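Asks: The listed protein sequences derive, respectively, from chains S and X.
The first sequence begins at 9 in our numbering and counts up by one.
The second sequence begins at 9 in our numbering and counts up by one.
Take this structure first; my questions come after.
2 protein chains.
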Amino acid sequence: MSTAEATLLVVEDETNIRELLTTSLKFAGFEVHAAPDGNTAMRLAEEHDIDLAVMDVMLPDMDGFTVTRKLRDHGRDVPVLFLTARDSLDDKLKGLTVGGDDYVTKPFSLEEVVARIRAVLRRTQTFEPADEDTTLRVADLELDEDRHEVTRAGRVIDVSPTEFKLLRYLMLNANRVLSKAQILDHVWDYDFRGEMGIVESYISYLRRKIDTEGEPLIHTKRGVGYVLREPRDHESA
Amino acid sequence: MSTAEATLLVVEDETNIRELLTTSLKFAGFEVHAAPDGNTAMRLAEEHDIDLAVMDVMLPDMDGFTVTRKLRDHGRDVPVLFLTARDSLDDKLKGLTVGGDDYVTKPFSLEEVVARIRAVLRRTQTFEPADEDTTLRVADLELDEDRHEVTRAGRVIDVSPTEFKLLRYLMLNANRVLSKAQILDHVWDYDFRGEMGIVESYISYLRRKIDTEGEPLIHTKRGVGYVLREPRDHESA
DNA sequence: GCGCCTTGTCAGGAAGTTCTCAGAGTTCGG
DNA sequence: CCGAACTCTGAGAACTTCCTGACAAGGCGC
């Protein structure tokens, strides 16, 4: 793990969001370069080999589409994940998913951004082994990223978007206790101002849907957090 | 062990807490520099190579988040363990667990602070072999930090948060006798005003849970304290 | 516009945890 | 062998955390 998963370029003028993205993407295993505007972005792109850009559509000097075009004129065909305000859902954005590109609306959850980045990289990095198994598995529970579908023991289970994100986060961190604060920070939008009680609510919803029959997979660590783990032979906890 | 485990920067304006942290972190094997405010912190950070900062969010000159940003603008990407009052757990703390950072609420126990520091260092020091074995072992007793789980001879044992902290402290100091005062100082919050009888109570709880079958590992040194140690062939106590 | 699904809040009750206390048990010096 | 000091543990009160059902508000598709 000495070499990063991929090299990203974050182009975002709001300092808080830029740092939030930079920190968490680095932590997710990417090499990250960050720029507050289009010109800085161009300079960084010349200095480093960029695999994917995370780009705000609104930038102080030029818009994200212009930066993207310039990037592609100069270098290789770098895919882009655009960030945009929820209400300014431009027509330009709608045509993006036909190429390798994609977009997420602000405010976003980090879970969502990382998942989208991985999806775009998977689609575009043809040189990589096209293993194509986008399914997370824990015991007989499966979560398919592409189909956006959850199954337990082969049975399809209908979950809401938030439930899906929560379950994905739990499965990505199977066998590790996650605090409610951690879950809130990763699964909910960065501007969410609510209480941690909502995590309890969604854990409860999820349990009702996936944990009612068979060994329960979601476990409460009282005073610490929650953990999703494989069942064991002899339970004494 | 002549070279310190890591170099820490403690930024905390309350003198008592700053000295408590400084002393015990030095004792835990870290090199420690301490500052009562943001400006002093910045100066110290320029003079020394800091691996991690322990930072109060409320400081006289600027808040901990500002200090953190300035630190990161100037130097390398230093992870931070924030200290915060228990009730101010709202706004800005959101998003802290997404990167390598973490926080503990005041009043804290030293056990907790040291454990969190180690956890953050483990997560962020990518150059280190990601061996990822976060498990403490003494004889057939195991304590897993990630899963927050205790096993004896393979059997899972359910312990409460305080029991977990006490056992971790005993295991970290295996084969060393710890006085009740020492245990109280490390495992309980620094503002705890109770009697040492509580240590006896929790030792009793732990014994009931982990020491009922097999060789006992927890031993009383009458008039001195307690020690957790490997079993021997002939006991002479 | 009208339902239906989803999201988020809240409050009551259940369950688990923390801490104290007192009496029984143990050790040790004299 | 006795008494003093120390230790162990059960009982229980106060507190915290967690779970879940009820519900209001908002969004989305039809």
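All C-beta atoms, glycine included, are put in the ideal place defined by N, C-alpha and C.
Note that this is a predicted model, so its numbers are computed, not measured.
Is the distance from the Cβ of LEU28(X) to the Cβ of ILE58(X) below 8 Å?
Replies: Stepping through the second sequence from its first residue, residue 28(X) is reached at position 20. Stepping through the second sequence from its first residue, residue 58(X) is reached at position 50. No, they are not a contact pair.
Asks: With DSSP as the reference, label LYS229(X) as helix, strand or coil.
Replies: By one-based count along the second sequence, residue 229(X) stands at place 221. Residue state, collapsed to three classes: strand.
Asks: Note down, in chain order, each residue of its chain lying with its Cβ closer than 6 Å to the Cβ of PRO137(X), except the 5 sequence neighbours on either side.
Replies: As a first step, residue 137(X) is located in the second sequence; it is residue number 129 there, counting from the start. Because PRO137(X) sits at a pLDDT of 49, beneath the cut-off of 50, its placement in the model cannot be relied upon, and the point is left open.
Asks: Can you confirm whether LYS102(X), when its beta carbon is compared against all beta carbons of chain S, has any partner nearer than 8 Å?
Replies: The sequence position of residue 102(X) within the second sequence is 94, counting from 1. Yes, LYS102(X) lies at the interface with chain S (some Cβ there is under 8 Å from its Cβ).
Asks: List, from N- to C-terminal side, the alpha helix (DSSP H) runs of 4 residues or more that fit wholly inside the stretch 69-94 of chain S.
Replies: The stretch 69-94 of chain S contains these whole alpha helix (DSSP H) runs: 72-82.
Asks: Take the Cβ of HIS242(S) as the centre, count every other Cβ of all protein chains shown within 10 Å, and call the residue buried at 16 or more, exposed below.
Replies: Taking the first residue of the first sequence as position 1, residue 242(S) is located at position 234. For HIS242(S), the predicted structure reports a pLDDT of 46, less than 50, and the residue's modelled location is therefore unreliable. The matter cannot be settled from this model.
Asks: Whole angstroms is fine: what's the gap from LEU217(S)'s alpha carbon to ILE165(S)'s?
Replies: Taking the first sequence and counting its residues from 1, the one referred to as residue 217(S) is at position 209. Taking the first sequence and counting its residues from 1, the one referred to as residue 165(S) is at position 157. Looking at the sequence shown, residue 217(S) is not Leu but Lys. Cα to Cα, the separation comes out at about 7 Å.
Asks: In chain order, what residues of the stretch 217-243 of chain S put their CB closer than 9 Å to some CB of chain X?
Replies: Cβ contacts with chain X come from LYS229, ARG230, GLY231, VAL232, GLY233, VAL235, ARG237, ARG240, HIS242 and GLU243.
Asks: According to DSSP, which residues form a beta bridge with ILE165(S)?
Replies: Walking along the first sequence from the start, residue 165(S) turns up at place 157. Answer is VAL158(S), bridged to ILE165(S).
Asks: Rounded to the nearest angstrom, how far is the Cβ of THR132(X) from that of GLY103(X), given a contact under 8 Å?
Replies: Taking the first residue of the second sequence as 1, we reach residue 132(X) at position 124. Taking the first residue of the second sequence as 1, we reach residue 103(X) at position 95. The pair is not a contact, with the Cβ atoms about 16 Å apart (cut-off 8 Å).
Asks: Going along chain X in order, which residues have a C-beta closer than 9 Å to the C-beta of LEU28(S)?
Replies: As a working mapping, residue 28(S) is identified with position 20 in the first sequence. Going along chain X in sequence order, the residues near LEU28(S) (Cβ under 9 Å) are GLY103, VAL106 and GLY107.
Asks: Pick out whichever of LEU52(X), PHE38(X) and ARG237(X) has its Cα sitting closest to the Cα of LEU186(X).
Replies: The residue given as residue 186(X) occupies position 178 in the second sequence. It is ARG237(X).
Asks: Between THR142(S) and chain X, is the shortest Cβ-Cβ distance under 8 Å, so that the two count as touching?
Replies: Here residue 142(S) corresponds to residue number 134 of the first sequence, with the count starting at 1. So, not an interface residue.
Asks: In terms of residue numbering, what span does the alpha helix (DSSP H) encompassing THR132(X) cover?
Replies: The sequence position of residue 132(X) within the second sequence is 124, counting from 1. Its alpha helix (DSSP H) spans residues 118-132.
Asks: Mind pulling the chain X residues with CB within less than 7 Å of TYR210(S)?
Replies: Taking the first residue of the first sequence as position 1, residue 210(S) is located at position 202. Correct list: empty, because the minimum Cβ distance to chain X is about 17 Å.
Asks: CB GLY46(X) to CB GLU13(X), shorter than 8 Å?
Replies: Residue 46(X) sits at position 38 when you count from the first residue of the second sequence. Residue 13(X) sits at position 5 when you count from the first residue of the second sequence. In this structure, GLU13(X) does not lie closer than 8 Å to GLY46(X) by Cβ.
Asks: For the putative contact between ARG19(S) and GLY72(S), defined by C-beta atoms under 8 Å, what is the C-beta separation to the nearest angstrom?
Replies: Taking the first sequence and counting its residues from 1, the one referred to as residue 19(S) is at position 11. Taking the first sequence and counting its residues from 1, the one referred to as residue 72(S) is at position 64. Note on residue identity: the sequence assigns Val, not Arg, to residue 19(S). With 8 Å as the limit, VAL19(S) and GLY72(S) qualify as a contact, their Cβ atoms being about 7 Å apart.
Asks: According to the neighbour-count rule (16 or more other Cβ atoms, all chains shown, within 10 Å of its Cβ), is HIS41(X) buried or exposed?
Replies: Position 33 of the second sequence, counted from the start, is the residue given in the question as residue 41(X). Flag for HIS41(X) reads buried.
Asks: State buried or exposed for SER209(S), treating a residue as buried only when at least 16 other CB atoms are found within 10 Å of its CB.
Replies: Locating residue 209(S) in the first sequence gives position 201, where the first residue counts as 1. Exposed.
Asks: Please name the residue in LYS34(S), TYR213(S) and ASN183(S) whose C-alpha comes closest to that of LYS173(S).
Replies: Working through the first sequence from its first residue, we reach residue 173(S) at position 165. That would be TYR213(S), whose Cα lies nearest to the Cα of LYS173(S).
Asks: If you measure from the beta carbon of HIS194(S) to each beta carbon in chain X, is any gap under 8 Å?
Replies: Your numbering for residue 194(S) matches position 186 in the first sequence. Answer yes: the Cβ-Cβ gap between HIS194(S) and chain X drops below 8 Å somewhere.
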